[in-house]
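Worksheet: the structure to be examined is printed underneath.
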Amino acid sequence: MKVLAAGVVPLLLVLHWKPGAGSPLPINPVNATCNTHHPCPSNLMSQIRSQLAQLNGTANALFILYYTAQGEPFPNNLDKLCGPNVTDFPPFQPNGTEKVRLVELYRIVAYLGTALGNITRDQKTLNPTAHSLHSKLNATADTLRGLLSNVLCRLCSKYHVAHVDVAYGPDTSGKDVFQKKKLGCQLLGKYKQVMAVLAQAF
Amino acid sequence: MFTLQTWIVQALFIFLTTESIGELIVPCAHIHPESSVVQLGSNFTAVCVLKEKCMNDYHVTANEIFWKTGRVTVPYEQYAVINRTASSVTFPNITLINALLTCNIRMFGQINRSVYGIRIISGLPPEKPKNLSCIVNEGKKMMCQWDPGRETHLETNYTLKSEWATEKFDDCKAKRDTPTSCTVDYPPVYFVNIEVWVEAENALGKVASDHINFDPIDKVKLNPPHILSVNSSKELSSILKLTWTDSRFKSFITLKYDIQYRTKDASTWNQVPPEDTSSTRSSFTVQDLKPFTEYVFRIRCMKEDGKGYWSDWSEEASGITYEDRPSKAPSFWYKIEPSHAHGTRSVQLKWKTLPPFEANGKILDYEVTLTKWKSHSQNYTVKDTKLTVNLTNDRYVATLTARNLVGKSDASVLTIPAWDFQATHPVTSLKAFPKDNVLWVEWTAPDESVNRYILEWCVLSDKSPCIPEWQQEDGTVHRTYLRAPSKGPTVRTKKVGKNEAVLEWDHLPIDAQNGFIRNYTIFYRTVIGNEIAVNVDSSHTEYTLSSLTSDTLYMVRMAAYTDEGGKDGPEFTFTTPKFAQGEIEAIVVPVCLAFLLTTLLGVLFCFNKRDLIKKHIWPNVPDPSKSHIAQWSPHTPPRHFNSKDQMYPDGNFTDVSVVEIEANDKKPFPDDLKSLDLFKKEKVNTEGHSSGIGGSSCMSSSRPSISSSDENESAQNTSSTVQYSTVVHSGYRHQVPSVQVFSRSESTQPLLDSEERPEDLQLVDNVDGSDGILPRQRYFKQNCSQHETSPDISHFERSQQVSSVNEEDFVRLKQQQISDHISQPYGSGKMKMFQEVPAVDAFGPGIEGQVERFETVGMEAAVDEGMPKSYLPQTVRRGGYMPQ
C-alpha cells in the first residue's frame, strides 16, 4: 500500500481536499500566519465537541451502511475485511495537552477527509445506486470539513499554530474493485473506532 | 437590459441620421453622457454635439437643436447653447422617468429631424438591506431573507455572501422574482460559525447589509416529532403515555418539547408545563385526565436553549384513558302501575343512564336490590334502565348500582312506600316558565330537609299522548330547567340514489345535548305522503333510507332525544333521481350492442345470400358496351352494327337478354387447374413482393400483375359472355336505363372500333401493339406457352413464375371469378392480349366439380377454365339468348 506521507510538505491547512490523494497540496510558506476571515467564536471548543459527538453518533450507521452496500462477502466477514487495520493512521494521545490534541485531531481529520473523499468517489462508481450511502458519506465529509475549519480556527487564534504536517490515506484509484471496497471498509471501521476515542477526549 | 435598449436606440438613430454613400455610417451628433441612469431628485444635464459634416450639409448650428423626451419637446428654458456645435438640456430635480431623450435639429428652418437619442431612466440606489435572518429547515439548505428597503425603480441585484472563518462559499444570487430571499447551494454544516451578509447593487450603487455571524445549529427548524402511540394505563385511569420519535438531531443536541392536549370534542388546547419537557426525551405521561375520555395530543420540539425555531406541530394522535368505576349513582325513580291482583302492585323501577363523565366507562349492567321491610332482599341484574316487579303493598327499599369494567357506582337508594302511605309535606307553589330557550320549573321547598326531588312532566300534544318524563334534582335546589336537547341535529344527504338516500349528521355539541342522547328519530315524507319515523341509535351518525320513490322530493328532519325529551333539527329536502347511477348506461349499451349485432348478422346474411339477393333485385345484365370481340366465337358470324342508331333506330330497346355462358361441364378439369389454385395461393404468399422476377416473367411485378390479372380476368369474362345483348330501353324491373342507351364500349377491340370508328382501328392497334399491350401479350403468351410447350414443367417452377404477383391481384381476380356476375371487361388491350393467349387450354379440360360453382357464381370464371378456344356460349340462361 502506497502511502503518500506528506510530512515533507509543510502545510498549514487542507480545507479543500479533493478525491485522489495523489493530487498536489497547496503549500503554505513556513512562516505563514494565521489569517481568518473573521474572528473565531468563543464557544469554539464546545462546537468541536459537538461536531465530534455528531460524527461519533453517525459513525456506526455509516459503517453499517457501507458494508451492507458492498454486498457479500463484506457483511459476513467484517473482522477479516473491515477491521480497523489502517497503517500510517495519524496517532492520537488522549492525555496530551489541548494544543497537542488539537494538532493530532487536525491530522486525523485531514486524513479522514481525504480518505472519505476517495471512498465517496469510488462508491459513486462501484455502487452508483446507493444514494443513501453517498448522501451519508457527503454529509460526513461536510462535517469533517467544518471540524477542520474549527480546529484551524482554534489553533490559529489560541495557539498561533502556523502549520501542521498532515498525512493522507492510501490512494485507491489504481486498485481493483475488491481492494477499493476493502480499503473503504477498513477506513470506515477505523473512523468509527477513532471517533469514539476523539469524542471522549474533548 | 437597459444597456441593450440604449444601444438599440442609438443604432436606430445612427441608421436614421447618417449618410452612407460609400462611407462608414457616422451619426450626425452625439449626446453626452451616454449613460443615462439618473438618481431621482438629482439634476441631469445632457449635451448634444453636432458633427461638422451635418452642420454643413443641413446648414444648422447648435441654435437649431431642440430636445424631446418621447414625443414631448422639452421647454426651451432648459436649453443652453454651449457653442456653435453643442447644446445642452438640464432637467432639475428629476422625477421618476423612463423615456427617450432625443437631440433634434430643424433643417432649413422647417424640417425637424432627430439626430441622436439616449434612454434616460431614473431610480434610486439600493438601500442597505435590513433584518437579515436565516433559517435551516432540517434536511434542507439554509435560506436567508432580508428587507431590501425602499423601491429602487431599477434592476437591483441582491447577493447573499457567506463564509467561515477559514473559507468562503459561493455567492447566492437572489432570483428576480424573490429578491428578498436566497437559498444557498451548499448543505448546512452545524457547529461552525458562518458569517452572512447581503449585497445589493444596481446602476446607481452598491451597498451591503450588516454581517451576521451564527452557528447554523442555532437557526435550525427541526422536523416535527412523530407520535408513535398514546397508551392508557390500567392502574391509573387518569393518565395517558405519549411516545414519539423525533429529529436525528437529538443525538447531538438537547431538545425541548411543547405538548398540548384536549378532549376530542373540545376546541381549546391544554398545555403541558414547559419545565416538564425541557430535555430530550421520547415519551411523556400526561396526568390528571378524565377516565374513559378520548384525548387528542400534538407535540413540537426545538433546541433546548431556545435558539432556533419551533418545529411545526406533529400530526395529532389520540388515545382514551382507561375506565374507572362510575363516579355517581344513577338517578332512580319508580312508577306504580295499577294491578288487578289483590294485595300486590306492579312497580316499574326506572333509572337514567349516567353521562359519560360520570359513567367513567361502558356501563355493563345495573344491580337492583329490593328489600321488603324486615325481610330478605332480592337482587336483580338488569341491562335495561327499567325493571318491573310485582310487590306487595308493603314498604320496600330499592337500591341501584351501575357497574362497568372496573367497578360499581355508589348505590342509589329509593324507598317505595307502602300502598297506604300519605306524603305529609308536599311541594307547593310549583310553577313553570320559559327562559333562555329552556323551560324552568320552580317550587317552594318544604320546611323539612329533602334528600332529593323528582320532577315529572310530559308534552301535551294533539299528536302524541302524554308520555311522562322525569328528572332528579338534589334536595337543596328549588329551581331547575327541564333538560332536553336545546336543538336537533342537522341532517343532510351523503348520497342520494334512485330508491335510497344515505343521511348523515353530526353529533350534537355537548352544550346542546342537555343530557345523554338516547336516540335519534328521522322523520321523512314526500310532499303529499305521510310522515315516516325511523329511530336510530345515538351512536350512529349515518342512516340509509330505503324504499324511496324515484324522482320524488323528500323532506327529512331529525330529532335527538334524551330522557327528558327531544328536539327537532332543521328540515332538509332532497330529490331522488329518476335513474339510478349507471342505469341509463345499462339500458343503452345492451340496446346498442343488440342493434350492432343485428346489423352485423344482417350484413353477414346479405353477404352469404348475395347471389340470391342480387338475382332478385339486380340480375346480371351484361353490358354490351363492355363486350369484347375476343369472346365471340369465330364460328359465329359477326353481327355487324353500323351504328347504334342503326341498331335501335327508334331509340328504344325492345327486349333484354341476359346471356350466361355455361361452362363445359363435360370437360374434366385440367391438371393445371390445380396449379391455378396453387398459383392463387402463391399469389397470396407473395403479397408485397412487387416486381421482380424479371420483366419477362409472367406477372413479374405488382402493378403489371394487377393489369395482368385484370386483363386475364377481363379476358376470361368476355370469353364466356355474350358481348352484346339486346337492351330494353324501358329498363329492367322498372329500372330506368341511362339516356345513353348504348354507350360506347371502352373496349378497343378491333371489331367494335372498326365498326364505330373504322378509321381508328389501325391506329389503336398500332398504339396498343407498340406500347403497353404488346409486352403484356408477350408476357402472357410466354406464360401460357410454357404450359403448352412444356407441359411437364414442374408445379414448383410454375409457381415460381407467378410468385411475384401480389395478393391484391389475386384477391381481386378471385373475387371477380366468384362473385361478379356482371363482368366488367377491362381495356381493349387486355382483351387483345387474351385473344392471343392460347394457353387457356392449359386450364381447359376437366373442370368437373367446379363447373356447377361457376355456373352459379358467374359465368366468367367458368369460361376461364372451361372454354379456352371456343367463344361460343354454351348455355343460355335467364332471358332470351340472342344467338349471334
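Sequence order for the protein chains is A and B. The numbering of the first sequence is this note's numbering, which starts it at 1 and goes up by one. The numbering of the second sequence is this note's numbering, which starts it at 1001 and goes up by one. Even for Gly, the Cβ is constructed at its ideal location relative to N, Cα and C.
Entirely within the stretch 1302-1368 of chain B and at least 3 residues each: give me those beta strand (DSSP E) ranges in chain order.
-> The stretch 1302-1368 of chain B is shown to contain whole beta strand (DSSP E) runs of 3 or more residues at 1317-1320, 1332-1337, 1344-1351, in chain order.
Can a CB atom of chain A be found closer than 8 Å to the CB of Ala1165 of chain B?
-> Answer yes: the Cβ-Cβ gap between Ala1165 of chain B and chain A drops below 8 Å somewhere.
Could you tell me whether the stretch 38-58 of chain A touches the stretch 1242-1256 of chain B, using the rule of 3 or more Cβ pairs below 8 Å?
-> By the Cβ test, the stretch 38-58 of chain A is in contact with the stretch 1242-1256 of chain B, since at least three Cβ pairs between them sit closer than 8 Å.
Helix or strand or just coil, what does DSSP make of Glu1542 of chain B?
-> Residue state, collapsed to three classes: strand.
Assuming Ala115 of chain A and Ala69 of chain A form a contact by the criterion Cβ under 8 Å, report the distance between their Cβ atoms to the nearest whole angstrom.
-> So it is not a contact: roughly 17 Å between Cβ atoms.
Is it a yes or a no for the stretch 1533-1545 of chain B touching the stretch 1447-1467 of chain B, going by three-plus beta-carbon pairs under 8 Å?
-> Touching, no, given that fewer than three Cβ pairs across the two stretches are closer than 8 Å.
Based on the DSSP secondary-structure assignment, which residues constitute the bridge partners of Gln1378 of chain B?
-> Bridge partners of Gln1378 of chain B according to DSSP: B:Leu1370.
Listing by chain order, which chain B residues have their CB less than 9 Å from the CB of Asp142 of chain A?
-> Correct list: Tyr1186, Pro1187, Pro1188, Val1189.
If the cut is a Cβ gap below 8 Å, which residues of chain B does Gln54 of chain A touch?
-> By Cβ distance, chain B contributes Tyr1190, Phe1191, Ser1251, Phe1252.
Based on Cα-Cα distance, which residue from B:Asn1131, B:Ala1200, B:Ile1217 lies nearest to Lys1141 of chain B?
-> Minimum Cα distance to Lys1141 of chain B is reached at B:Ile1217.
Beta carbon proximity, Ala139 of chain A to chain B, threshold 8 Å = Ala139 of chain A counts as touching chain B.
Measure the alpha-carbon distance for Gln186 of chain A versus Tyr67 of chain A and round it to whole angstroms.
-> The alpha-carbon atoms of Gln186 of chain A and Tyr67 of chain A are separated by roughly 10 Å.
By how many angstroms is the C-alpha of Asn1157 of chain B removed from the C-alpha of Arg1176 of chain B?
-> For Arg1176 of chain B and Asn1157 of chain B, the gap between their C-alpha atoms comes out near 8 Å.
Run down chain B in chain order and give the residues with a C-beta less than 7 Å from the C-beta of Arg101 of chain A.
-> By Cβ distance, chain B contributes nothing, its closest Cβ being about 17 Å from Arg101 of chain A, past 7 Å.
By DSSP, does Glu1848 of chain B sit in helix, in strand, or in coil?
-> Low local confidence applies: a pLDDT of 37 at Glu1848 of chain B is under 50, so the model's placement there is unreliable, and no value is given.
Under the DSSP definition of a beta bridge, which residues are partnered with Met45 of chain A?
-> Secondary-structure assignment with DSSP links Met45 of chain A through no beta bridge to anything.
N- and C-terminal bounds of the alpha helix (DSSP H) containing Asn1620 of chain B = For Asn1620 of chain B, there is no enclosing alpha helix (DSSP H), as DSSP marks it with neither H nor E.
Name the chain B residues that come within less than 7 Å of Arg145 of chain A, Cβ to Cβ?
-> Val1189, listed in chain order.
Along chain A, which residues have their Cβ under 8 Å away from the Cβ of Asn1213 of chain B?
-> Going along chain A in sequence order, the residues near Asn1213 of chain B (Cβ under 8 Å) are His38, Pro41.
Which residue or residues does DSSP assign as beta-bridge partners of Cys1144 of chain B?
-> As DSSP reads the structure, Cys1144 of chain B sits in a beta bridge with B:Cys1134, B:Cys1182.
Would you list, in chain order, the members of the stretch 1136-1157 of chain B that have their beta-carbon closer than 9 Å to a beta-carbon of chain A?
-> Taken residue by residue, none of the stretch 1136-1157 of chain B has a beta-carbon sitting less than 9 Å from a beta-carbon on chain A.
Just reading off the beta strand (DSSP E) that Lys1494 of chain B is part of, what are its end residues?
-> Element bounds for Lys1494 of chain B: 1491-1496.
Classify Lys1234 of chain B as buried or exposed, calling it buried when 16 or more other Cβ atoms lie within 10 Å of its own Cβ.
-> Exposed is the call here.
Between Tyr191 of chain A and chain B, is there a C-beta pair that is closer than 8 Å?
-> No, its Cβ sits nowhere closer than 8 Å to a Cβ of chain B.
Alpha carbon to alpha carbon, how far is Gly189 of chain A from Gly1308 of chain B? Give it in angstroms, no decimals.
-> Distance from the CA atom of Gly1308 of chain B to the CA atom of Gly189 of chain A, rounded to whole angstroms, is 34 Å.
Where does Arg1150 of chain B land, buried or exposed, given buried means 16+ other C-beta within 10 angstroms?
-> Around the Cβ of Arg1150 of chain B, a 10 Å sphere holds fewer than 16 other Cβ atoms; the residue is exposed.
Quick one: list the residues of chain B neighbouring Ser132 of chain A, beta-carbon separation under 7 Å, in chain order.
-> Within 7 Å Cβ-Cβ: nothing; Ser132 of chain A doesn't reach chain B, min ~13 Å.
Which residue comes first and which comes last in the beta strand (DSSP E) that contains Lys1206 of chain B?
-> That run of the beta strand (DSSP E) goes 1205-1208.
Flag this pair as touching only if the stretch 1182-1191 of chain B and the stretch 1261-1275 of chain B have three or more C-beta atom pairs under 8 Å; answer yes or no.
-> Between the stretch 1182-1191 of chain B and the stretch 1261-1275 of chain B there are fewer than three C-beta pairs closer than 8 Å, too few to call the two in contact.
Nearest to Val161 of chain A by alpha carbon, out of A:Phe92, A:Leu152, A:Ile108, A:Arg107?
-> It is A:Leu152 whose Cα lies nearest to the Cα of Val161 of chain A.
Select from B:Asn1213, B:Leu1604, B:Ala1203 the residue whose C-alpha is nearest the C-alpha of Ile1194 of chain B.
-> For the options B:Asn1213, B:Leu1604, B:Ala1203, the alpha carbon positioned closest to that of Ile1194 of chain B is the one of B:Asn1213.
Near Leu133 of chain A, what residues of its chain come up, given a Cβ to Cβ distance below 7 Å and the 5 sequence neighbours on each side ignored?
-> Spatial neighbours of Leu133 of chain A in its own chain (CB-CB distance under 7 Å, excluding positions within 5 residues in sequence) are listed in chain order as Leu65, Tyr66, Ala69, Gln123, Asn127.
Considering only C-alpha positions, which residue in the set B:Leu1242, B:Val1296, B:Pro1188, B:Met1302 is nearest to Leu1255 of chain B?
-> Of B:Leu1242, B:Val1296, B:Pro1188, B:Met1302, the residue nearest in Cα terms is B:Met1302.
Interface flag, Glu1195 of chain B vs chain A, CB-CB below 8 Å = At a cut-off of 8 Å between C-beta atoms, Glu1195 of chain B counts as an interface residue with respect to chain A.
Can you find a C-beta in chain A that's less than 8 Å from the C-beta of Lys1161 of chain B?
-> So, not an interface residue.
Is there a Cβ from chain B that is less than 8 Å from the Cβ of Ser173 of chain A?
-> Proximity of Ser173 of chain A to chain B, defined by a Cβ-Cβ separation below 8 Å, is not satisfied.
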